[in-house]
Amino acid sequence: MHTFDITTLLILIGALQIREKLRTMAPISLHRQNSKL
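Just so we're aligned: the sequence shown equals residues 103 to 139 in this note's numbering.
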């Protein structure tokens with residue numbers, strides 16, 4: 103049971119980190135595209 107709980111926690115943490123990365127990368131990519139135009 104402990105291993106299952108740990109894996110689920112790691113997956114949730116990973117998902118949160120990916121969301122944060124997407125939030126930070128999205129505006130940067132938009133700014134880069136605007137600057138190129």
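From the three backbone atoms N, C-alpha and C, an ideal C-beta is built for every residue, glycine too.
Output the distance between the C-alpha atoms of residue i and residue j, rounded to the nearest integer angstrom.
i    : j    : result
A128 : S137 : 14 Å
K123 : S131 : 12 Å
T126 : G116 : 15 Å
Can you find a CB in chain D that lies within less than 9 Å of the CB of residue i?
i    : result
L112 : Although the question refers to chain D, the structure presented lacks it and comprises just one protein chain.
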